[in-house]
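Taking it in order: structure first as structure tokens, then the write-up.
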Amino acid sequence: VIGNFIGDAVRGDQYKRLKPAVQAGVRLHREIDRFTDTHDTVRRSKKRMWHVFGRYSSVVVDVFLDHFLARDWDTYHPQSLEVYAGSVESMLRPRLAEFPERSRRFFDYMTQNRVLLSYASIIGTGKVLTQMAQRARFESHMEHGAAELSRCYEAYRQDFRSFFPELCTFVQTRQVEITQGK
């Protein structure tokens, strides 16, 4: 969980300085990103919204995927999303001093704003995207994310339903392989 959480903040081969279990999490995080970015269904979602978000479409698609996962969480996990979010927070908090600064800031933002729970609604997803737009270096139009999600809701939902089982299979396979040193 730690490696996956800090994965975006660890650059290049810096992860090789981390504990083996954290290294494995960072590697898995990167492989999930690569799998997601190159998946045909995700590419279709990006193409659908490109006219609004341009190069930020990848970011918006990731948030939309998070929305559908949070919305239908009980379908995929035995714990409620609220209980799961609390357990992740409890697991990460004691280790914050080990995290890169960027990850510590994101942890504070995530827990203060209850981001994982807010993804479950279109309004919450829109707020997350608006906050991201305020931090973006360039004009992103991500503040229009809730409108785009609403506009093509069923299409994005179908994309998620097509993509997510394949992602789960990929992750399960890679977790075993990474544990075996592959």
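So the sequence shown is residues 550 to 731, counted in our numbering.
Glycine included, each C-beta is placed from N, C-alpha and C at the ideal position.
Within the same chain, Cβ atoms closer than 8 Å to the Cβ of residue 626 are found at 633, the five residues on either side in sequence being excluded. When Cβ pairs closer than 8 Å are counted between the two stretches, the segment 691–706 is seen to touch the segment 594–602, the count reaching three or more. Within the model, the alpha-carbon separation for residue 666 versus residue 640 is close to 17 Å. C-alpha of residue 655 to C-alpha of residue 731: approximately 30 Å in a straight line. With fewer than three CB-CB distances shorter than 8 Å, the segment 688–697 does not count as touching the segment 553–573. Less than 7 Å divides the Cβ of residue 711 from the Cβ of residue 590. Here residue 618 has 625, 668, 709 and 713 as same chain residues with Cβ atoms under 8 Å from its own Cβ, once five neighbours each way along the sequence are excluded.
Judged by DSSP secondary structure, residue 659 falls within the alpha helix (DSSP H) whose first and last residues are 650–661. One alpha carbon belongs to residue 659, the other to residue 726, and they sit about 30 Å apart. Closest option to residue 649, judged by alpha-carbon separation, among 559, 553 and 550: 559.
Excluding five sequence positions before and after residue 620, the CB atoms of its chain that fall closer than 7 Å to its own CB belong to 669, given in chain order. Around the Cβ of residue 722, a 10 Å sphere holds fewer than 16 other Cβ atoms; the residue is exposed. Cα atoms of residue 689 and residue 643: separation of roughly 35 Å, rounded to the nearest angstrom. Relative to residue 679, the option among 588, 629, 576 and 605 whose CA is nearest is 605.
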